[in-house]
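Asks: Here it is, the structure in full.
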Amino acid sequence: MAKYVMALDQGTTSSRAIIFDEFGGIRASAQEELRAIYPQPGWVEQDPEEIADTQLAAARGALARAGLEAGDLAAIGIANQRETTLVWERETGEPVGNAIVWQCRRTAPLCEALRDGGSAEAVREKTGLVIDPYFSGTKVRWILDNLPGAQARAERGELLFGTVDTWLLHRLTGGRLHVTDVSNASRTLLFNIHSLDWDGDILRELRIPRAMLPEVRRSSEVYGATDAQALGGAVPLAACIGDQQGALFGQACFARGMAKNTYGTGCFLLMNTGEQPAPSQHGLLTTVAWGLPSGTTYALEGSVFVAGAAVQWLRDELKLIASASESEALAGSVPDTGGAYLVPAFVGLGAPYWDAEARGALVGLTRGTSRAHVVRAALESMAYQTADVLRAMEADLSGALPELRVDGGAAVNDCLLQFQADILDAPVVRPQGAETTALGAAYLAGLAVGVWNDPEELAGQWREERRFEPRMDSTERERLLAGWAKAVERARGWEGA
Ligand code: ADP
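Heads up, the sequence shown is in this note's numbering, so the first residue is 1 and it goes up one at a time.
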């Protein structure tokens with residue numbers, strides 16, 4: 001029996017394909033860059049053909065590098081950039097325009113109108129989300145409003161909506177599938193996370209015809225098989241998962257209370273909250289983690305807008321460092337920041353503050369504040385912001401975090417992770433192999449076709465590379481956290497002041 005599983009990791013900046021063996025080891029991978037299009041300030045688009053073409057090229061490239069053929073693959077799983085919105089013709093499969101990327105802010109006025117109309121509470125209760133341009137629903141509305149005749153065509157069932165998973169499944173099957181999974185559906189603003197179905201009231205309010213919407217399936221099941229043209233043979237398409245939920249699965253966070261943090265440009269924190277959606281009192285999102293035959297798992301999600309980007313800022317704007325990796329040695333050359341704090345609220349503050357008027361602040365400076373202190377303050381700011389979100393999650397769940405599993409580009413930084421453990425007073429654990437998102441998709445696909453039997457088996461495969469134990473005493477931790485809270489206060493409401 002074929003024992004390899006291929007993950008398609010369709011991200012915002014690249015399309016990647018990774019082939020895993022039955023032990024979760026990487027056999028081969030390939031990557032193609034993907035362009036973003038910026039038609040006006042605040043707008044972000046991508047070419048749907050380019051999304052599909054780069055993904056297919058990556059998949060073929062990975063097979064070639066591995067010296068494998070389609071028949072050697074037991075299944076394919078997709079992990080994808082979330083919320084990005086596409087509309088295409090049912091008949092021809094032709095996109096009606098570019099994909100509107102999750103980052104695109106063009107529907108801000110529409111969102112404001114919806115909030116002013118009093119929809120926020122109901123939408124939050126049903127979808128677990130806040131009304132924001134980030135999510136797909138208002139992007140679909142925008143397309144129907146701005147493409148001549150689109151509303152009528154959509155009502156006649158001639159147009160189809162999909163997120164990137166749905167688009168790839170459609171293309172890989174020669175147009176036979178119009179399917180998404182519960183994790184991707186839960187990011188559309190159109191999906192009721194309690195009934196696990198599209199929400200009739202929200203569809204009516206946004207005037208989005210149900211006929212446009214994909215069928216919602218589990219994250220792990222065989223949806224269909226690839227067209228022979230795609231990879232030279234039929235391979236079962238057996239998983240779809242939003243990228244952040246994929247990382248949560250790839251980190252084997254299968255039990256309630258387990259959490260992962262991805263340190264990239266920003267941070268994405270997700271905590272498994274078990275079989276019931278956990279409403280947040282602290283500005284977090286409630287989302288579907290994944291759907292398995294055994295049931296649906298939910299998560300709380302919080303994001304930090306500026307994390308690794310603060311290190312880029314030190315490098316590109318302040319020119320304090322020549323490379324991101326230099327930050328580690330420099331920060332490690334001093335025992336602390338000498339009382340300095342950087343609050344990198346360059347674009348406001350996300351969870352749990354939700355302060356759009358906050359701006360960056362560098363405070364607590366003295367004549368002795370050095371380059372190393374400032375660089376250290378930037379690294380520590382990632383840890384403080386993460387701690388703020390995790391404390392909000394713990395408060396929502398009334399439970400303490402057992403450990404934090406980490407990944408992403410900045411998780412290579414030991415100095416950051418040690419400080420993270422210290423400030424959280426919980427172990428921080430970095431796994432072997434950094435490809436947690438792709439691994440999550442591969443695991444889900446492999447589960448569907450019997451490469452693996454159950455999540456317990458996968459949990460047994462997960463290997464830690466390094467564990468950072470907290471070793472700061474509580475007086476010191478409280479002192480530092482009090483300083484951080486004071487620094488955040490200084491940064492808040494700056495624009496409005
Ligand atoms: P994204 O997926 O958001 O593009 P990545 O996961 O590739 O991000 O991580 C890149 C980010 O990590 C950059 O913002 C960079 O500044 C930061 N970074 C990379 N290496 C280090 C390091 N050694 N120490 C701290 N930050 C780092």
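Backbone N, C-alpha and C fix where the C-beta goes; we use that ideal spot for every residue, glycine too.
Return the residue from the list Y223, K260 and R105 that minimises the CA-CA distance to G42.
Replies: The residue with the shortest Cα to Cα distance from G42 is R105.
Asks: Please tell me whether, using a cut-off of 7 Å, the distance from the CB of N413 to the nearest non-hydrogen atom of the ligand ADP is below it.
Replies: Correct: N413 has its Cβ closer than 7 Å to the ligand ADP.
Asks: So, with DSSP's three-state summary, where would you put A36?
Replies: If DSSP states are grouped into helix, strand and coil, A36 belongs with coil.
Asks: For E478, count the other beta carbons within 10 Å of its own beta carbon; 16 or more makes it buried, fewer makes it exposed. Which is it?
Replies: Counting Cβ neighbours within 10 Å, E478 comes out exposed, since fewer than 16 surround it.
Asks: Exposed or buried, which one is D316 when buried takes at least 16 other CB atoms within 10 Å?
Replies: Looking at its Cβ environment, which holds fewer than 16 other Cβ atoms inside 10 Å, D316 is exposed.
Asks: How many whole angstroms separate the CB atoms of P293 and I193, which I take to be in contact at a CB cut-off of 8 Å?
Replies: Actually they do not touch by this definition, with Cβ atoms about 19 Å apart.
Asks: CB of Q312 to nearest heavy atom of the ligand ADP: below 7 Å?
Replies: The answer is yes for Q312.
Asks: Quick one: is the Cβ of T188 within less than 7 Å of any heavy atom of the ligand ADP?
Replies: No, since every heavy atom of the ligand ADP falls outside the 7 Å radius drawn around the Cβ of T188.
Asks: Are A442 and V123 touching if we call contact CB-CB under 8 Å?
Replies: Contact: no.
Asks: I'd like to know whether the C-beta atoms of G250 and G11 end up nearer to each other than 8 Å.
Replies: Taking 8 Å as the Cβ cut-off, G250 and G11 do not qualify as a contacting pair.
Asks: Go ahead and pull the three-state DSSP assignment for N192.
Replies: Here N192 sits in strand by DSSP.
Asks: Go to L481, then tell me how far its alpha helix (DSSP H) extends in each direction, as first and last residue.
Replies: L481 -> alpha helix (DSSP H) spans S474 to A491.
Asks: At what residue ranges does the region 46–87 contain a whole run of the beta strand (DSSP E), taking only runs of 3 or more?
Replies: Counting whole runs of 3 or more residues, the region 46–87 contains the beta strand (DSSP E) stretches 73–80.
Asks: Assuming D364 and A247 are in contact, meaning their beta carbons sit under 8 Å apart, how far apart are those beta carbons, in whole angstroms?
Replies: In the sequence on display, residue 364 carries Gly and not Asp. G364 to A247, Cβ: 34 Å. No contact.
Asks: Report back the beta-carbon spacing between P527 and E476 to the nearest angstrom; my notes put them in contact at under 8 Å.
Replies: This structure cannot speak to residue 527, because the chain is shown only from 1 to 497.
Asks: What is the DSSP secondary structure of N261, counted as helix, strand or coil?
Replies: Strand at N261.
Asks: Using 8 Å as the threshold, is the region 180–191 in touch with the region 212–219, meaning 3 or more CB pairs across them?
Replies: With a cut-off of 8 Å, the region 212–219 and the region 180–191 count as touching, because enough Cβ pairs lie within range.
Asks: With a 10 Å radius around its C-beta and 16 neighbouring C-beta atoms as the bar for buried, classify T166 as buried or exposed.
Replies: It is buried - the Cβ of T166 has at least 16 other Cβ atoms within 10 Å.
Asks: Would you say the beta carbon of S136 comes nearer than 7 Å to a heavy atom of the ligand ADP?
Replies: Checking the Cβ of S136 against the ligand ADP gives no.
Asks: Just verifying my parser: in three-state terms, what is the DSSP assignment at Q312?
Replies: DSSP places Q312 in helix when its eight states are reduced to three.
Asks: Is the beta carbon of L424 closer than 8 Å to that of L404?
Replies: Yes; because the gap between Cβ atoms is below 8 Å, this pair is in contact.
Asks: Tell me which residue opens and which closes the alpha helix (DSSP H) that P344 is part of.
Replies: Here P344 belongs to no alpha helix (DSSP H), and DSSP marks it neither H nor E.
Asks: Taking the C-alpha atoms as reference points, what is the distance between R463 and Q244?
Replies: Their Cα atoms are separated by approximately 19 Å.
Asks: Report the rounded CA-to-CA distance for I208 versus V334, giving the unit in angstroms.
Replies: I208 and V334: Cα-Cα distance of roughly 57 Å.
Asks: Would you decide whether E112 is buried or exposed? Buried here means 16 or more other CB atoms lie within 10 Å of its CB.
Replies: The residue in question, E112, is exposed, as its Cβ has fewer than 16 Cβ neighbours within 10 Å.
Asks: Any heavy atom of the ligand ADP closer than 7 Å to the Cβ of T337?
Replies: Because no heavy atom of the ligand ADP lies under 7 Å away, the Cβ of T337 does not count as near it: no.
Asks: Quick check: what's the CA-CA separation for A421 versus G493?
Replies: Going by the C-alpha atoms only, they are around 30 Å apart.
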